[in-house]
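Comments concern the structure below.
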C-alpha cells in the first residue's frame, strides 16, 4: 500500500537557520505530493504541492521538489522565523483521492 | 467563505456517553473525511464519503458511525464513548477526483476528552 515516511522531530533551530525536513514515499502510479502545516491549536493548512515528477512546489519561502527517482519530497526553507514553529506533514494523494500522511515533524524555532 | 466548520471545539464526555461531532462545508466539495490525531501522532482516517448517501470505512472506524445526507454535512457519531477515543478530530473536504491536485481543506478540529 501507499506510505509516507518523514523524519521524526522535534527539530529545534535558531532564527535564520536553514531548515530541511526529509520525506520519502511508497506508492503505485504517479501520486500528487503535498506538505501541510499545523500551527498550534489549529487545523492543517496546505503549504505547497507538486503533481508530477520534477515539479517544484513553493510557498512562504518553503520549497519542495518532486523526485521520482528517489521517491522523495523534502521540504526546505533558507531562513526560518519564529513564526514557522509548527508541525509539518508530508502527504501523498494517489488513485482514489485519499491522502496518506506521514507522522508529522515538529519544528521549533528559537529567537 | 467559511470553508470547513466543526462544532463543538471542545467536549468532555463520560465513559459510555454518546455524542455527534458536526462538520459542514460550503465549498460544494464532493468528498469529505474524518481523521483523528492522537497526541504527538499523525492523522488516521476514520471514515470518508465520496458524495451524499455514500460512506466508507477508513483505517480506524471501530466505535464510530457517519452519515452523509447532504453534500454539505458529514456528522461523526460516537456511541458508548471510551477513553481510547480521547483525541483531536479533524474533518476535511476536497473536490475529489475531478480536481485531485487541490488537496484537502481542514476544519479547526474538535478536542474530545473521555473520562
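Chains as they are written, first to last, in the working numbering: chain A, 1 to 111; chain B, 1 to 115. We treat Cβ as the ideally placed atom computed from N, Cα and C, and that holds for glycine.
Proximity of residue 70 of chain B and residue 113 of chain B at Cβ, strictly below 7 Å: Contact flag unset, no.
Members of the region 104-115 of chain B that neighbour chain A once the beta carbon cut-off is set at 7 Å: Hits within the stretch, in order: 104, 106, 107, 108 and 109.
Any C-beta of chain A under 7 Å from that of residue 74 of chain B: Taking Cβ atoms only, chain A never reaches closer than 7 Å to residue 74 of chain B, which makes this a no.
Contact the region 98-105 of chain A vs the region 54-67 of chain A: 3+ CB pairs below 8 Å: Verdict: no, contact absent.
Beta-carbon proximity of residue 35 of chain A to residue 44 of chain A, cut-off 7 Å: No; because the gap between Cβ atoms is not below 7 Å, this pair is not in contact.
Neighbourhood of residue 16 of chain A by C-beta, 6 Å cutoff - its chain only, sequence neighbours within 5 removed: Once the five neighbours on either side are set aside, the close Cβ partners of residue 16 of chain A are 79.
Candidates B:7, B:11 and B:36: closest to residue 22 of chain B by CA position: The residue with the shortest Cα to Cα distance from residue 22 of chain B is B:7.
Alpha-carbon spacing of residue 8 of chain A relative to residue 2 of chain A, whole angstroms: Answer to the nearest angstrom: the Cα atoms are 19 Å apart.
Where the beta strand (DSSP E) through residue 92 of chain B begins and ends: First-last of the beta strand (DSSP E) with residue 92 of chain B: 87-94.
Own chain partners of residue 51 of chain A with C-beta closer than 6 Å, once the 5 adjacent residues on each side are dropped: Counting only Cβ-Cβ distances below 6 Å, and skipping sequence neighbours, we find 32.
Own chain partners of residue 54 of chain B with C-beta closer than 6 Å, once the 5 adjacent residues on each side are dropped: Excluding the 5 residues flanking it on each side, residue 54 of chain B has no same chain C-beta neighbour closer than 6 Å.
Residue closest to residue 61 of chain B, alpha-carbon to alpha-carbon, out of B:39, B:89, B:15 and B:52: Nearest option by C-alpha distance: B:89.
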